[in-house]
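In this note's numbering, the protein residues as written are 117 to 182.
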């Protein structure tokens with residue numbers, strides 16, 4: 117079997133290689149998606165934490181020494 121015969125896959129190369137490509141793309145997305153979601157969740161939590169700190173500071177009012 118030659119290299120060109122291997123890549124031709126007996127006439128089914130389009131189906132075989134597109135299946136491999138699609139599988140690689142899906143596996144890549146499965147790997148990358150949680151990483152991107154984690155970054156967004158951390159960013160949202162930081163924003164929410166800062167808002168809660170501001171609300172707590174406003175609710176406490178000015179400090180006694182001021």
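Note that beta-carbon positions come from the ideal geometry of N, C-alpha and C, so glycine has one too.
Keep in mind it's a predicted model, so treat the numbers as computed, not measured.
What number of angstroms, rounded off, separates the C-alpha of residue i from the C-alpha of residue j?
i           : j           : result
residue 121 : residue 156 : 47 Å
residue 138 : residue 152 : 21 Å
residue 176 : residue 165 : 17 Å
So, are the CB atoms of residue i and residue j less than 9 Å apart?
i           : j           : result
residue 133 : residue 147 : no
Please work out which residues of its chain come closer than 7 Å, Cβ to Cβ, to residue i, disregarding the five sequence neighbours upstream and downstream, and give them in chain order.
i           : result
residue 125 : 132
residue 136 : none
Please list the terminal residues of the continuous alpha helix (DSSP H) segment that includes residue i.
i           : result
residue 136 : 129 to 176
residue 118 : Note, residue 118: premise wrong, no alpha helix (DSSP H); not H, not E.
In chain order, what residues of the same chain lie with their CB nearer than 8 Å to the CB of residue i, ignoring the 5 residues before and after it?
i           : result
residue 129 : 123
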